[in-house]
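Just so you know, we're using UniProt numbering here: the sequence shown kicks off at 1 and counts up by one. I have placed the structure first, in the form of structure tokens, so that the comments after it can refer back to it.
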Amino acid sequence: MIRERKRYPLDTAAKLFPSVSRPTNTSVFRLSVVLTEEVRPEALQKAAEETLRRYPYMAVRLRKNELEETGRPFAVVQEEKTPCALFEPEKEEFLLRILWYKRRISVEIFHALADGTGGVMFLKTLLHCYFRTLGCTIDPEGKILLPDETPQEEEYENSFLRYYDGTKTAVHKLPPAFKIKGEPLPDGGRNVIHGVFRLDGLKRAAKRQGATVTEYLCALMAFAIYRECVNGLDDEPIVLSIPVNLRAVFPSCTVRNFFSIVNITVSAEQAGSLRAALDAVRRELRGKTRPEKLREALRESCGAMEHPVVRAVPQFMRDAGLRFVFAFFSEDVKTMTISNVGAFDLPKGMLPYIDHAESVVYPTERSPINCCLCSAGGKMTVSFIRTVQETGPIRFFFRFLARETGEEISVYTNDWGILNGKV
1 MIRERKRYPL
11 DTAAKLFPSV
21 SRPTNTSVFR
31 LSVVLTEEVR
41 PEALQKAAEE
51 TLRRYPYMAV
61 RLRKNELEET
71 GRPFAVVQEE
81 KTPCALFEPE
91 KEEFLLRILW
101 YKRRISVEIF
111 HALADGTGGV
121 MFLKTLLHCY
131 FRTLGCTIDP
141 EGKILLPDET
151 PQEEEYENSF
161 LRYYDGTKTA
171 VHKLPPAFKI
181 KGEPLPDGGR
191 NVIHGVFRLD
201 GLKRAAKRQG
211 ATVTEYLCAL
221 MAFAIYRECV
231 NGLDDEPIVL
241 SIPVNLRAVF
251 PSCTVRNFFS
261 IVNITVSAEQ
271 AGSLRAALDA
281 VRRELRGKTR
291 PEKLREALRE
301 SCGAMEHPVV
311 RAVPQFMRDA
321 GLRFVFAFFS
331 EDVKTMTISN
341 VGAFDLPKGM
351 LPYIDHAESV
361 VYPTERSPIN
371 CCLCSAGGKM
381 TVSFIRTVQE
391 TGPIRFFFRF
401 LARETGEEIS
411 VYTNDWGILN
421 GKV
């Protein structure tokens, strides 16, 4: 008797990504750790199999607006493609990849499957299984979903609906934002530039300005964009699109998507100095992440995506409508996405085996440079992904940051899009 494959409904945020994904907007993000020793592929393969048994709701494919167990074997692969490459759900059996290259272990996830927080949870279990396979005994310290545990329904619930109170809220359109322009990289390539440095100096620099690390780095990014990209004729604001983890306000242990987008507007005048940019970022970010504002954002998301009329229309009409909404309410109103995945919060016993972490958020057609932040073991990694040749704002960002923090920043790249041997 053939067992019926289990199916999981898409969460509220996940419903957008299959409709808008294409080669210039893959909706794929990457989470990585760089080890202190070379990756052993056989151990990683065994760890992947163990991890997917613990996360059966991640071993799925996309089928008619829902996720279905694949029932197929999963294989880890050596990294060959450029980061955040497109998934083709109608052809591929999984919506995630586990990659290795030299000392790096990476997980790439189609955003319909999980968000950054869920991805980190998955990666931590994968690492636990990997090191255990190598014979390492590491106390999980309650920080990891262990492979011997039984998966709970709360791990794959749609937390948007759990906290949605049914109130309808109008979605407001922001004015167009300044866009970074540039000459595309050849063959649709994506270049990633990572900067790794000690977190201590960054915390001190942010504290001197009375800011959090996220506020400080966002303000510096707006300042860098202004200095390197804006000319005197540009009057559109610089808008930084920041994903916010809703679990901090609405308790949830879901691995699925549970985030909201906060758009931080910095006028051209404010972006002309770091102090003014920081004042604008701090005021907007703190105001827009208050619990009542995030509840309002949750209502906007659910009111639109879960509306009975939207759910009733044919798929091809829904796809066209979602592509329009994405272009009009997301792409048109932002300059850059800055995603702070936060600390990976690894067990102490795992830290000696890991040099640092990385996170990469996919670029889009109208947001050709995006930025992602993460930390592990006292090291911060700022990662830029770009589809254009210009690197001016990235260079300015790292040079200014090194001067202000007093930290030595190790900058490296995946070599795609390097011009004359320089980043």
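Backbone N, C-alpha and C define an ideal beta-carbon position, used for all residues, glycine too.
**OP:** Tell me, to the nearest whole angstrom, how far the beta carbon of residue 42 is from that of residue 103; I am working on the premise that it is less than 8 Å.
**Re:** Locating residue 42 in the sequence shown gives position 42, where the first residue counts as 1. Locating residue 103 in the sequence shown gives position 103, where the first residue counts as 1. Not quite, the Cβ-Cβ distance comes to about 16 Å (not below 8 Å), so this is no contact.
Original post:
Where do the N-terminal and C-terminal ends of the alpha helix (DSSP H) with residue 41 fall, by residue?
Top reply: Along the sequence shown, read from residue 1 onward, the residue named residue 41 stands at position 41. That run of the alpha helix (DSSP H) goes 41–54.
Subject >> For residue 453, the nearest candidate out of 95, 405, 266 (CA to CA) >> reply: Past the boundaries of the shown model lies residue 453; the chain is included only from 1 to 423, so the question cannot be answered.
**OP:** Alpha carbon to alpha carbon, how far is residue 44 from residue 354? Give it in angstroms, no decimals.
**Re:** Indexing the sequence shown from 1 puts residue 354 at position 354. Indexing the sequence shown from 1 puts residue 44 at position 44. About 15 Å.
Subject >> Among 64, 155, 52, 84, nearest to residue 129 - alpha-carbon criterion >> reply: Reading the sequence shown from its first residue, position 129 is the one you call residue 129. The candidate whose alpha carbon is nearest that of residue 129 is 52.
Subject >> Collapsed DSSP secondary structure at residue 200 in the structure displayed >> reply: Along the sequence shown, read from residue 1 onward, the residue named residue 200 stands at position 200. Residue 200: helix per DSSP, three-state reduction.
Original post:
Rounded to a whole number of angstroms, what is the C-alpha to C-alpha distance between residue 385 and residue 359?
Top reply: Residue mapping note: residue 385 aligns to position 385 of the sequence shown, counting from 1. Residue mapping note: residue 359 aligns to position 359 of the sequence shown, counting from 1. Looking at the two C-alpha atoms, the distance is approximately 10 Å.
**OP:** Indicate the three-state DSSP secondary structure (helix, strand or coil) for residue 379 in the structure shown.
**Re:** As a working mapping, residue 379 is identified with position 379 in the sequence shown. Note: residue 379 maps to strand in three-state DSSP.
Original post:
Are the segment 187–198 and the segment 393–413 touching by the rule of at least three beta carbon pairs closer than 8 Å?
Top reply: yes
Subject >> Same chain, Cβ closer than 6 Å to residue 26, five either side skipped, listed in chain order >> reply: Within the sequence shown, the letter at position 26 stands for residue 26. Answer for residue 26: 84, 86, 362, listed in chain order.
**OP:** Note down, one range per segment and in chain order, each beta strand (DSSP E) of at least 3 residues found wholly within the segment 88–153.
**Re:** 96–101, 104–110
**OP:** Give the secondary structure of residue 410 by DSSP, where H, G and I count as helix, E and B as strand, and everything else as coil.
**Re:** Against the sequence shown, residue 410 aligns to sequence position 410. Note: residue 410 maps to strand in three-state DSSP.
Subject >> Three-state secondary structure (DSSP) of residue 7 >> reply: The count along the sequence shown starts at 1 and reaches residue 7 at position 7. Here residue 7 sits in strand by DSSP.
Original post:
Roughly how many angstroms separate the alpha carbons of residue 30 and residue 175, rounded to a whole number?
Top reply: Taking the first residue of the sequence shown as 1, we reach residue 30 at position 30. Taking the first residue of the sequence shown as 1, we reach residue 175 at position 175. Looking at the two C-alpha atoms, the distance is approximately 30 Å.
Subject >> C-beta atoms of residue 340 and residue 298 nearer than 7 Å >> reply: The residue you call residue 340 lines up with position 340 of the sequence shown. The residue you call residue 298 lines up with position 298 of the sequence shown. The answer is no: Cβ separation not under 7 Å.
Subject >> Simplified DSSP state of residue 160, which is helix, strand or coil >> reply: By one-based count along the sequence shown, residue 160 stands at place 160. DSSP places residue 160 in helix when its eight states are reduced to three.
Original post:
Can a CB atom of chain D be found closer than 7 Å to the CB of residue 219?
Top reply: Absence of chain D from the displayed structure is noted, only one protein chain being present.
**OP:** Would you list the one or two residues that DSSP bridges to residue 243?
**Re:** Here the question's residue 243 lines up with position 243 in the sequence shown. According to DSSP, which records beta bridges pairwise, residue 243 is partnered with 261.
Original post:
At which residues does the beta strand (DSSP E) containing residue 342 begin and terminate?
Top reply: In the sequence shown, residue 342 corresponds to position 342, counting from 1. Residue 342 -> beta strand (DSSP E) spans 336–343.
Subject >> Enclosing beta strand (DSSP E) for residue 228 [first to last residue] >> reply: Residue mapping note: residue 228 aligns to position 228 of the sequence shown, counting from 1. Unbroken run through residue 228 is the alpha helix (DSSP H), 213–229; no beta strand (DSSP E).
Original post:
How big is the Cα-Cα spacing for residue 351 and residue 322?
Top reply: The residue you call residue 351 lines up with position 351 of the sequence shown. The residue you call residue 322 lines up with position 322 of the sequence shown. Roughly 42 Å separates the two Cα atoms.
**OP:** Would you check if the distance between the CB atom of residue 305 and the CB atom of residue 15 is smaller than 7 Å?
**Re:** Here residue 305 is taken as the residue at index 305 of the sequence shown, counted from 1. Here residue 15 is taken as the residue at index 15 of the sequence shown, counted from 1. Yes; because the gap between Cβ atoms is below 7 Å, this pair is in contact.
**OP:** Work out the CA separation of residue 379 and residue 243 for me, nearest whole Å.
**Re:** Working through the sequence shown from its first residue, we reach residue 243 at position 243. Working through the sequence shown from its first residue, we reach residue 379 at position 379. So the two alpha carbons sit approximately 22 Å from each other.
**OP:** Report all residues from its chain with a CB closer than 8 Å to the CB of residue 17; omit the five preceding and five following residues, and keep chain order.
**Re:** For this step, residue 17 is matched to residue 17 along the sequence shown. 27, 110, 111, 112.
Subject >> Segment contact flag, the segment 285–300 with the segment 242–260, C-beta cutoff 8 Å, min 3 pairs >> reply: yes
Subject >> Cβ pair count under 8 Å reaching 3, the segment 225–239 against the segment 257–273 >> reply: yes
**OP:** Give the DSSP-derived three-state secondary structure of residue 180 in the structure shown.
**Re:** Looking up residue 180 in the sequence shown gives position 180. In the structure shown, residue 180 sits in coil (DSSP, three-state: anything other than H, G, I, E or B).
Subject >> Cβ separation of residue 256 and residue 156, assumed to be a contact under 8 Å, to the nearest whole Å >> reply: Taking the first residue of the sequence shown as 1, we reach residue 256 at position 256. Taking the first residue of the sequence shown as 1, we reach residue 156 at position 156. So it is a contact: roughly 6 Å between Cβ atoms.
Original post:
In whole angstroms, what separates the C-alpha of residue 180 from that of residue 364?
Top reply: Mapped onto the sequence shown, residue 180 falls at position 180. Mapped onto the sequence shown, residue 364 falls at position 364. Residue 180 and residue 364: Cα-Cα distance of roughly 11 Å.
Original post:
How many Å lie between residue 12 and residue 406 at the Cα?
Top reply: Counting from 1 along the sequence shown, the entry for residue 12 is found at position 12. Counting from 1 along the sequence shown, the entry for residue 406 is found at position 406. Each residue's Cα considered, the two are about 43 Å apart.
Original post:
Between residue 230 and residue 263, is the Cβ-Cβ spacing less than 7 Å?
Top reply: Within the sequence shown, the letter at position 230 stands for residue 230. Within the sequence shown, the letter at position 263 stands for residue 263. No, these two residues do not count as a Cβ contact at 7 Å.
Subject >> Whole-number beta carbon distance between residue 393 and residue 188, since they are thought to touch under 8 Å >> reply: For the purposes of this step, residue 188 is identified with residue 188 of the sequence shown, where counting begins at 1. For the purposes of this step, residue 393 is identified with residue 393 of the sequence shown, where counting begins at 1. Actually they do not touch by this definition, with Cβ atoms about 21 Å apart.
Subject >> Other residues of its chain near residue 47: CB distance less than 6 Å, five sequence neighbours each side excluded >> reply: Counting from 1 along the sequence shown, the entry for residue 47 is found at position 47. Here the set comprises 126, 129, 130, 133.
**OP:** Give the secondary structure of residue 32 by DSSP, where H, G and I count as helix, E and B as strand, and everything else as coil.
**Re:** Here residue 32 is taken as the residue at index 32 of the sequence shown, counted from 1. Note: residue 32 maps to strand in three-state DSSP.
Subject >> Outcome for residue 334 when other beta-carbon atoms lying within 10 angstroms are tallied against a minimum of 16 >> reply: On the sequence shown, position 334 is the one that residue 334 refers to. Result: buried.
Subject >> Under the three-state DSSP convention, the category residue 250 falls into >> reply: Counted from its first residue, the sequence shown places residue 250 at position 250. Residue 250 falls in the coil class under three-state DSSP.
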